[in-house]
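4 protein chains.
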Amino acid sequence: MSPKSKKQFEEIRESSKENILNVALKLFSSKGYFNTSTRQIAERAKISNGLLYNYFKSKEELLTEIIHRSFKILDNTIVSDKEQSAEIQIISTIERFFELIDKKQNVIRMMAQMGLQTGKFDFINKMISKKYIGEVNKLKTALKKIDSNFDEAEANLLMATLDGIMFQVLVMGDVIPTDLMKSALTMKYSKTKHI
Amino acid sequence: MSPKSKKQFEEIRESSKENILNVALKLFSSKGYFNTSTRQIAERAKISNGLLYNYFKSKEELLTEIIHRSFKILDNTIVSDKEQSAEIQIISTIERFFELIDKKQNVIRMMAQMGLQTGKFDFINKMISKKYIGEVNKLKTALKKIDSNFDEAEANLLMATLDGIMFQVLVMGDVIPTDLMKSALTMKYSKTKHI
Amino acid sequence: MSPKSKKQFEEIRESSKENILNVALKLFSSKGYFNTSTRQIAERAKISNGLLYNYFKSKEELLTEIIHRSFKILDNTIVSDKEQSAEIQIISTIERFFELIDKKQNVIRMMAQMGLQTGKFDFINKMISKKYIGEVNKLKTALKKIDSNFDEAEANLLMATLDGIMFQVLVMGDVIPTDLMKSALTMKYSKTKHI
Amino acid sequence: MSPKSKKQFEEIRESSKENILNVALKLFSSKGYFNTSTRQIAERAKISNGLLYNYFKSKEELLTEIIHRSFKILDNTIVSDKEQSAEIQIISTIERFFELIDKKQNVIRMMAQMGLQTGKFDFINKMISKKYIGEVNKLKTALKKIDSNFDEAEANLLMATLDGIMFQVLVMGDVIPTDLMKSALTMKYSKTKHI
DNA sequence: GATGAATGAGGATTCATTCAT
DNA sequence: AATGAATGAATCCTCATTCAT
Numbered sequence: 001m002s003p004k005s006k007k008q009f010e011e012i013r014e015s016s017k018e019n020i021l022n023v024a025l026k027l028f029s030s031k032g033y034f035n036t037s038t039r040q041i042a043e044r045a046k047i048s049n050g051l052l053y054n055y056f057k058s059k060e061e062l063l064t065e066i067i068h069r070s071f072k073i074l075d076n077t078i079v080s081d082k083e084q085s086a087e088i089q090i091i092s093t094i095e096r097f098f099e100l101i102d103k104k105q106n107v108i109r110m111m112a113q114m115g116l117q118t119g120k121f122d123f124i125n126k127m128i129s130k131k132y133i134g135e136v137n138k139l140k141t142a143l144k145k146i147d148s149n150f151d152e153a154e155a156n157l158l159m160a161t162l163d164g165i166m167f168q169v170l171v172m173g174d175v176i177p178t179d180l181m182k183s184a185l186t187m188k189y190s191k192t193k194h195i
Numbered sequence: 001m002s003p004k005s006k007k008q009f010e011e012i013r014e015s016s017k018e019n020i021l022n023v024a025l026k027l028f029s030s031k032g033y034f035n036t037s038t039r040q041i042a043e044r045a046k047i048s049n050g051l052l053y054n055y056f057k058s059k060e061e062l063l064t065e066i067i068h069r070s071f072k073i074l075d076n077t078i079v080s081d082k083e084q085s086a087e088i089q090i091i092s093t094i095e096r097f098f099e100l101i102d103k104k105q106n107v108i109r110m111m112a113q114m115g116l117q118t119g120k121f122d123f124i125n126k127m128i129s130k131k132y133i134g135e136v137n138k139l140k141t142a143l144k145k146i147d148s149n150f151d152e153a154e155a156n157l158l159m160a161t162l163d164g165i166m167f168q169v170l171v172m173g174d175v176i177p178t179d180l181m182k183s184a185l186t187m188k189y190s191k192t193k194h195i
Numbered sequence: 001m002s003p004k005s006k007k008q009f010e011e012i013r014e015s016s017k018e019n020i021l022n023v024a025l026k027l028f029s030s031k032g033y034f035n036t037s038t039r040q041i042a043e044r045a046k047i048s049n050g051l052l053y054n055y056f057k058s059k060e061e062l063l064t065e066i067i068h069r070s071f072k073i074l075d076n077t078i079v080s081d082k083e084q085s086a087e088i089q090i091i092s093t094i095e096r097f098f099e100l101i102d103k104k105q106n107v108i109r110m111m112a113q114m115g116l117q118t119g120k121f122d123f124i125n126k127m128i129s130k131k132y133i134g135e136v137n138k139l140k141t142a143l144k145k146i147d148s149n150f151d152e153a154e155a156n157l158l159m160a161t162l163d164g165i166m167f168q169v170l171v172m173g174d175v176i177p178t179d180l181m182k183s184a185l186t187m188k189y190s191k192t193k194h195i
Numbered sequence: 001m002s003p004k005s006k007k008q009f010e011e012i013r014e015s016s017k018e019n020i021l022n023v024a025l026k027l028f029s030s031k032g033y034f035n036t037s038t039r040q041i042a043e044r045a046k047i048s049n050g051l052l053y054n055y056f057k058s059k060e061e062l063l064t065e066i067i068h069r070s071f072k073i074l075d076n077t078i079v080s081d082k083e084q085s086a087e088i089q090i091i092s093t094i095e096r097f098f099e100l101i102d103k104k105q106n107v108i109r110m111m112a113q114m115g116l117q118t119g120k121f122d123f124i125n126k127m128i129s130k131k132y133i134g135e136v137n138k139l140k141t142a143l144k145k146i147d148s149n150f151d152e153a154e155a156n157l158l159m160a161t162l163d164g165i166m167f168q169v170l171v172m173g174d175v176i177p178t179d180l181m182k183s184a185l186t187m188k189y190s191k192t193k194h195i
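Chains as they are written, first to last, in full-length UniProt numbering: chain A, 1 to 195; chain B, 1 to 195; chain C, 1 to 195; chain D, 1 to 195.
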């Protein structure tokens, strides 16, 4: 008789929204945003066509929300501990990258795709650039501490290598020897200080 | 008013086709294949809607042809001279990559985009993988000759770095210090032999 | 926390219904029935989407009830006192019209709108016609008493003039000099008897 | 073999567009703009759903074009000959109104409907107001010449009467004795000068 | 080879209405 | 009585593609 409580409604909303966001991320990431129809999202999420619009004003807004959540996921995965030694910081940057590749492929594939296009979603490129600059700077600081013969390009090259591995895995999957490269990179930056 | 010769017709046809392919590549590469309409292509190519179908069976076939041409462009740009010394081969691989980034951004952006999606165009990923394996092998052979302390991962890492720079430039443009990285890479592999 | 009495429930129900009817009339009248969504009505009435259907079987029934209430309002505003003199009857008909224009614009705008369309709501046109015939007949009777030179078309023309002013105010608002016309009409039919 | 000439295309376009405009006017006018679907228009016009958008950017633009054409029709119907005597000008204003009612009901019904709503189409009300002011002024000038006892409200009242008849016919059709009123009006303004 | 009118399936979105609570 | 999540038909519009000329 009594209507559902506010809290109950909120829970329903939250879980339903989460569901849609997850399904949409998966589809956008594998087929691309423009090649994914809202109908497909609804079908996979097992909801009606209309319900999506109860939670998101438009397909575009759905994408935007996914992007913003994705950036948060990246931020959370790439936690940097400033207390730690320079070497550990570098090593853990590398490890976090490989973790992303392993665990959050949907997220990074989606970001990569959107980043490669121009148009309405240029804000994504700006967000990526900002993150890139931040990461490179952290690496530079750490590298300087370790290596007196520090090369100005070193940090950028390391980032490029990591981004490259990421990109290659997204495109070529198992063809890419990630473990081999991870070991080599880890070893290189572990040894460094002893030189 | 003399009737055009067969050869002339052929040339007109060829240049018209070329025109369409160029326009389509530009649009696909910047807005994405699924976000580009055949009408937009026709407009920009200054031809009628229907004419496109005189040259290509479908939008998909147009894409396929673009992809195949793009691979040819990559192959032509990445000419390898087996006669040359190992060091020069590596250096020129690096140089050819930066040349691609500089001169053929449309081509690589389009390939990268399509490579990140799954679906009807999975043959692209296979072609990219094949090319990757070939390039890596060539690099491995060359590196072995130069360096006795040769690391198994070295070739893969170099390719990853180059792909990474490519990807970063596509996404972040001027934010990326390409010249700096190019110098560093070139220097690194020039010095190698002297060790 | 005493349970509400039946009467109290009844009152709440009635006032809630009244609220919905008022909001709906306002919206229908300004934006049109077909351009107004039940959701908009619910929002403005500060009730939930579903509650509307607790009071009305459908959007159409809501409209129907509004129409019937509107006719009652017209009837109540146009009270005719048969006891009064012919002249006063005419003058007060005029006055009642201007009062409607001034005070019940929502009601008449809505009626006018629905009356101009054909389809499911043709009963409205019949009701309007019936009212028209009644009014014209009353006017004819009154005019005959006053004027021996009575023209057969006089009553119809007076009604047309009044309907015209109404329509003009609805469409053009302040552009229409209602007071000027009201004075002129009142004067004309006040003087009549002295001729 | 040879493509259709430009002129041929233009003719096709023109007649097809005309067809759509006519069908849309009919439907908008009888069922209302918001209650008419583009599909209904296409069906009645015996064209495909999509073709409409080859001629009009949107349903709204289709309406806008209809409105502008309708105003032109009104202007053409209400041609005023400034050479003629004041009396004839008044009489012919009256006659043109009845002609509109008789021959262009779709047009005026559509204008009346749109004029009664507020929202995106307020420009219609402004156009109607402008036309009203112009007409009233012409009538005032003419009436002054004829009648020394000229009443300031006379022109407005005549316009109101004509608009009222128009409105009444649209809503009540045959219930309204148009001929009777036309005769009475004509007679009244023919006699005037003899006073 | 070339045109652009025409098609109709499919896309995003809105809406009246239902229902469990 | 009241809530708002959920439905799916219907809406406006776009698109790849075809076809007569």
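Cβ atoms here follow ideal geometry from the backbone N, Cα and C, with glycine treated the same way. It should be emphasised that the depicted structure is a prediction, and the values quoted were computed from it without experimental measurement.
Residues are counted here when their Cβ sits less than 8 Å from a Cβ of chain A; for the region 102-126 of chain B these are Arg-109, Ala-112, Gln-113, Gly-115, Leu-116, Gln-117, Thr-118, Gly-119 and Asn-125, given in chain order. D:Leu-100: member of the alpha helix (DSSP H) spanning 86-103, first to last residue. Of the candidates A:Ile-12, A:Leu-162 and A:Ser-30, the residue whose Cα lies closest to the Cα of A:Asn-106 is A:Ser-30. For A:Ala-112, the closest C-alpha among the options A:Ile-165, A:Ile-41, A:Lys-46 and A:Met-181 is that of A:Ile-165.
If you compare the alpha carbons of A:Thr-36, A:Phe-71, A:Arg-109 and A:Leu-100 with that of A:Glu-60, the shortest gap goes to A:Thr-36. Secondary structure of B:Leu-116 (DSSP, three-state): coil. In the pairwise beta carbon analysis, the region 136-153 of chain C is classified as not touching the region 132-150 of chain D: fewer than three pairs are separated by under 8 Å.
Setting aside the 5 residues that flank it on each side, C:Leu-21 is surrounded in the same chain by Leu-62, Glu-65, Ile-66 and Arg-69, each with a C-beta closer than 8 Å to its C-beta; the list follows chain order. Going by C-alpha positions, B:Ser-148 is about 14 Å away from B:Tyr-189.
Only those residues of the region 23-36 of chain B whose C-beta falls short of 7 Å from the nearest C-beta of chain A are listed: Ser-30, Lys-31, Gly-32, Phe-34 and Asn-35. Counting only the Cα atoms, C:Lys-17 lies some 14 Å from C:Gln-8.
DSSP places A:Lys-46 in no alpha helix (DSSP H); its state is neither H nor E. Membership of B:Ala-160 in the alpha helix (DSSP H) is indicated by the continuous run 154-172. A:Asn-125 and B:Thr-38 have their C-alpha atoms roughly 27 Å apart. Taken through DSSP and simplified to helix, strand or coil, B:Asn-54 comes out as helix.
In the structure shown, the three-state DSSP call for C:Ile-128 is helix. When secondary structure is reduced to three states using DSSP, C:Ile-176 falls in the coil class, being assigned neither helix nor strand.
When secondary structure is reduced to three states using DSSP, A:Lys-4 falls in the coil class, being assigned neither helix nor strand. A straight line joining the alpha-carbon of D:Lys-6 with that of D:Ile-41 spans about 27 Å. Contact annotation: in the region 163-176 of chain A, residues whose CB is within less than 7 Å of a CB in chain B are Asp-163, Gly-164, Ile-165, Phe-167, Gln-168, Leu-170, Val-171, Met-172 and Val-175. Rounded to the nearest whole angstrom, the C-alpha separation of D:Lys-57 and B:Gly-119 is 33 Å. Excluding its 5 nearest sequence neighbours in each direction, A:Met-159 has C-beta neighbours in its own chain below 8 Å: Tyr-132, Glu-135, Val-136 and Leu-139, listed in chain order.
B:Ile-47 and B:Thr-186 do not touch by the CB rule: their CB atoms are close to 44 Å apart, not below 8 Å. Within chain C, the residues whose beta carbon sits less than 7 Å from that of D:Ser-129 are Met-172 and Val-175, listed in sequence order.
As the crow flies, the alpha-carbon of D:Asp-163 is around 26 Å from that of C:Ile-88. Chain-order list of chain D residues neighbouring C:Thr-141: empty, with the shortest C-beta distance near 17 Å, by a criterion of under 7 Å. The three-state reading of DSSP puts C:Asp-147 in coil, since its state is none of H, G, I, E or B. B:Leu-27 places its beta carbon 7 Å or farther from that of B:Arg-109. A direct Cα-Cα distance of roughly 33 Å separates D:Leu-180 from D:Ala-24. Taking the C-beta atoms as reference points, D:Ala-184 is found nearer than 7 Å to C:Ala-153. Any Cβ of chain B closer than 7 Å to the Cβ of A:Asn-156 would place that residue at the interface, and such an atom is present.
Annotation: C:Leu-100 to D:Tyr-55 spans about 44 Å, alpha carbon to alpha carbon. Assigned with DSSP and collapsed to three states, B:Gly-32 falls in coil, not helix or strand. The beta carbon of B:Val-175 is closer than 6 Å to none in its chain, skipping five residues each way along the sequence. The contact set of B:Leu-180 on chain A, defined by CB atoms closer than 7 Å, consists of Glu-152, Ala-153 and Asn-156 in chain order.
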